[in-house]
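Since the structure comes first, as structure tokens, the remarks are kept for the end.
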Amino acid sequence: MADNIYLFPKTLDYYQIELTRMLETEQYGEAVGLLEFLLQCQGEEERTYEEWGSLLNWLVTAFPHVKDGQVQPDTEQDLTENDILKEHVKYKTDSDPDYARKIIDTLIHSREMDKKLLALGQLSYIDHPSIDKELVRFAEGKSLHPLIQSKAVQTLKTRGVEGEIRLNKHGETITVDIEAFPMGPDDFPQQVREILLRVQEVSEVHSPALSYFAEETWNEFLFYVYGTSAYRQLLEHDDSTMDVWAAALHGTLLETMGGDLDPGELFDMYGIHDALVFRFEQAHKLLKSYVQSAAG
6 MADNIYLFPK
16 TLDYYQIELT
26 RMLETEQYGE
36 AVGLLEFLLQ
46 CQGEEERTYE
56 EWGSLLNWLV
66 TAFPHVKDGQ
76 VQPDTEQDLT
86 ENDILKEHVK
96 YKTDSDPDYA
106 RKIIDTLIHS
116 REMDKKLLAL
126 GQLSYIDHPS
136 IDKELVRFAE
146 GKSLHPLIQS
156 KAVQTLKTRG
166 VEGEIRLNKH
176 GETITVDIEA
186 FPMGPDDFPQ
196 QVREILLRVQ
206 EVSEVHSPAL
216 SYFAEETWNE
226 FLFYVYGTSA
236 YRQLLEHDDS
246 TMDVWAAALH
256 GTLLETMGGD
266 LDPGELFDMY
276 GIHDALVFRF
286 EQAHKLLKSY
296 VQSAAG
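According to the working numbering, the sequence shown is numbered sequentially starting from 6.
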């Protein structure tokens with residue numbers, strides 16, 4: 006096991022919830038990566054490690070295309086998770102003529118975020134004449150969760166839909182280009198990704214367990230704010246912007262995982278002086294709102 010990595014009780018609960026979410030949404034590569042990380046941590050009951058180990062063994066056996074937390078191409082079939090999903094959707098639509106309508110109804114009417122995400126994943130590959138219009142109408146809804154909204158736009162992009170779409174986010178009405186909409190973290194500008202790198206560098210020294218979820222939280226937060234005035238602030242390429250947002254992300258993660266947040270120590274780590282405190286508070290507030298919304 007890795008040295009000096011211990012989990013707070015609330016941190017363990019947080020990780021268990023995340024693991025359940027990953028399995029329910031069929032994010033098997035991410036689940037494998039999380040289990041491999043948890044098995045390196047110290048201080049838990051032996052039974053807990055046995056459960057994690059058994060689950061990891063089952064995942065890599067049931068899904069051999071997943072290895073080391075990543076989707077690996079099969080040497081013979083070059084299968085990916087998307088290929089498997091396409092085959093699953095094809096089987097379902099071939100065997101049930103009403104399957105597309107059922108998935109759309111699940112997307113629109115289900116109150117569970119996981120079911121909506123699963124529906125959007127399948128709608129990426131269903132050939133049906135009404136899906137594009139239904140997805141646009143759904144994405145433009147006023148009470149839609151931002152992460153579901155982002156996934157809906159990504160689904161439209163995957164389906165080859167072009168043009169602009171109007172979205173309601175955090176009290177703003179924004180217009181985004183479907184073709185330019187980011188599909189993953191690498192599609193965001195470098196200065197935005199450098200904020201995450203700053204947090205990871207600091208947390209590896211001060212909070213090793215925090216580093217793992219910094220990446221997932223930050224990447225999902227970027228989709229949460231994409232296209233808004235807050236996102237435009239993130240694009241300001243200066244050292245103070247990086248300091249403010251990195252400190253806010255670090256502090257938010259500490260609070261979420263049950264650690265003690267010492268503002269003075271946090272400010273020292275990231276060079277937050279008096280003139281930046283207000284900007285830090287605003288960034289921290291927005292990050293906390295994301296974490297709360299993600300928790301349901």
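Using N, Cα and C, we set each Cβ at its ideal position, and we do this for glycine too.
Cα-Cα separation between residue i and residue j, rounded to whole angstroms
i: Met6; j: Glu41; result: Only weak support exists for where Met6 lies, its pLDDT of 42 falling under 50; the coordinates are left without a value.
i: Val204; j: Met274; result: 10 Å
i: Lys162; j: Arg142; result: 15 Å
i: Leu227; j: Tyr236; result: 8 Å
i: Thr98; j: Tyr104; result: 6 Å
i: Arg302; j: Ile153; result: Since the first and last residues shown for the chain are 6 and 301, residue 302 lies out of range.
i: Tyr33; j: Leu64; result: 7 Å
i: Asp265; j: Pro194; result: 32 Å
i: Asp119; j: Lys147; result: 20 Å
i: Glu117; j: Phe272; result: 38 Å
i: Gln127; j: Val94; result: 6 Å
i: Gln47; j: Glu56; result: 15 Å
i: Glu35; j: Thr66; result: 15 Å
i: Phe218; j: Pro151; result: 20 Å
i: Leu140; j: Met188; result: 17 Å
C-beta contact flag for residue i and residue j at 8 Å
i: Leu172; j: Ile179; result: yes
i: Ser245; j: Leu281; result: yes
i: Tyr130; j: Lys91; result: yes
i: Leu39; j: Tyr20; result: yes
i: Val197; j: Leu239; result: yes
i: Val166; j: Ala144; result: no
i: Pro190; j: Asn224; result: yes
i: Val249; j: Ala288; result: yes
i: Thr30; j: Leu149; result: no
With 16 other Cβ atoms within 10 Å as the buried cut-off, status of residue i
i: Lys138; result: exposed
i: Glu23; result: buried
i: Met247; result: buried
i: Leu17; result: buried
i: Leu292; result: buried
i: Ile113; result: exposed
i: His5; result: Nothing about residue 5 can be read from this structure; the chain reaches only from 6 to 301.
i: Tyr229; result: buried
i: Val76; result: With a pLDDT of 45 at Val76, under the threshold of 50, the modelled position of this residue cannot be trusted; read the value that follows with caution. Buried, since its Cβ has 16 or more Cβ neighbours within 10 Å.
i: Gln297; result: exposed
i: Pro134; result: exposed
i: Lys174; result: buried
i: Pro102; result: exposed
i: Ala185; result: exposed
i: Val207; result: buried
i: Tyr295; result: buried
i: Thr80; result: For Thr80, the pLDDT reaches just 38, beneath the cut-off of 50, and the residue's location in the model is therefore unreliable, although a value from the coordinates is still provided. By the 10 Å Cβ count, Thr80 comes out exposed.
i: Tyr96; result: exposed
Terminal residues of the alpha helix (DSSP H) in which residue i lies
i: Ile113; result: Tyr104 to His114
i: Ala185; result: No alpha helix (DSSP H) holds Ala185; DSSP gives it neither H nor E.
Bounding residues of the beta strand (DSSP E) (the contiguous stretch that carries residue i)
i: Thr160; result: Unbroken run through Thr160 is the alpha helix (DSSP H), Pro151 to Thr163; no beta strand (DSSP E).
i: Glu177; result: Glu177 to Asp182
i: Gln174; result: First, the residue type needs correcting, since residue 174 is Lys and not Gln in the sequence shown. Run containing Lys174: Glu169 to Lys174, per the beta strand (DSSP E) assignment.
Contact test: residue i Cβ vs the ligand ATP heavy atom, cutoff 7 Å
i: Leu112; result: By its list of ligands, the structure shown contains no ligand whatsoever, and the ligand ATP lies outside what it can speak to.
is_contact[residue i, chain C] using C-beta, thresh 8 Å
i: Phe226; result: No chain C appears in the structure shown, which is made up of a single protein chain.
Anticipated Cβ contact below 8 Å, residue i with residue j, distance rounded
i: Lys121; j: Ser115; result: 6 Å
i: Leu202; j: Leu259; result: With a Cβ gap of about 18 Å, Leu202 and Leu259 do not count as contacting.
i: Leu254; j: Ile200; result: 7 Å
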